[in-house]
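Novice:
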Amino acid sequence: MESQSKNDPLARLSDAILSGDKVSAINATNEALQRYSIDDILNKGVLAAWATFVSLYEKDPVGTLKTWDAAYFTTRRVLNLIESSISVRDPLFSVIVATVRGEGHTLMRDIIATYLRSKNIGVHCPKIGITIDDIKEELSKKSLKFLVLSCIDPDTEETLKSTVALVRQLRPDVKIIAGGPIAGKIGADAVASKMSEVYAILKH
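Basically this note's numbering = 1-based index in the sequence shown + 19.
This is the structure in structure tokens:
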């Protein structure tokens with residue numbers, strides 16, 4: 020197993036995200052795509068950067084927030100590059116990966132969407148928070164098997180509960196997976212704390 024030296028592309032990717040250096044992040048991602056799985060790039064590069072960000076935020080909230088935008092948009096560029104490298108095949112089935120209206124934390128939603136696409140799963144990931152009307156068309160498709168909800172903001176708890184109830188009325192066969200700090204409060208069928216746990220539930 021390769022050690023993650025500072026010259027390793029995954030370490031460089033993590034550093035570039037934290038510093039908001041888009042060019043270095045893209046270069047590191049391109050190199051990592053030649054050497055590592057997408058799982059490793061997301062877990063040891065992208066998510067490692069954000070784990071460090073959270074740690075820094077706990078020590079210096081005001082100072083860390085000044086770099087949030089640059090880190091976020093650098094991460095978006097990285098996710099777009101990763102998705103462009105994924106071979107398009109006939110998906111095994113489809114899922115909705117979403118947040119509800121009022122949820123301001125959308126990055127984990129987008130990371131999970133990229134991860135699941137790399138697993139040959141069809142992913143519908145609205146870029147704004149959803150209401151039930153926004154996903155009725157997707158819910159009508161027989162290929163849809165799961166709804167994955169990212170649940171971070173406590174203020175969205177009631178909206179999440181309502182969404183879960185309405186989805187069950189329309190498609191009782193669709194399994195609902197929730198992740199995030201309030202995931203256990205919304206009545207989902209399963210709660211996952213890692214991307215790998217989401218995928219394990221999808222495969223079950």
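All residues carry an ideal CB built from backbone N, CA and C; glycine is no exception.
For the segment 29 to 85, list the alpha helix (DSSP H) runs that are entirely contained and at least 4 residues long, ordered along the chain.
Specialist: The qualifying runs are 41 to 54, 66 to 78 and 80 to 84.
Novice: Within the continuous alpha helix (DSSP H) that includes Ile101, where are the two ends?
Specialist: Segment Trp87 to Ser103, the alpha helix (DSSP H) holding Ile101.
Novice: Measure the CB-CB distance between Thr94 and Ile45 and report whether it falls below 9 Å.
Specialist: No; because the gap between Cβ atoms is not below 9 Å, this pair is not in contact.
Novice: Under three-state DSSP, which class holds Ser215?
Specialist: The answer is helix: DSSP assigns Ser215 an H, G or I state.
Novice: Looking only at its chain, what residues have a beta carbon closer than 6 Å to the beta carbon of Lys12, apart from the 5 residues adjacent to it on each side?
Specialist: The structure shown does not extend to residue 12, since the chain spans only 20 to 223, so no value can be given for it.
Novice: Using the beta-carbon count (16 or more within 10 Å), is Gly15 buried or exposed?
Specialist: With the chain running from 20 to 223 in the structure shown, residue 15 is simply not present.
Novice: Sort Ala90, Ile196 and Ser137 by Cα distance to Leu179 and report the nearest one.
Specialist: Nearest C-alpha to Leu179: Ile196.
Novice: May I ask you to report which of helix, strand or coil DSSP gives Val183?
Specialist: Three-state DSSP puts Val183 in a helix.
Novice: Determine the direct distance from the alpha carbon of Pro110 to that of Asp88, and round the result to whole angstroms.
Specialist: The straight-line gap from Cα to Cα measures roughly 33 Å.
Novice: Can you name the residues that DSSP bridges to Val142?
Specialist: BP columns for Val142 point to Val114.
Novice: Just list the residues that DSSP pairs Val167 with in beta bridges.
Specialist: Note: Val167 sits in a beta bridge opposite Val116 and Ile196.
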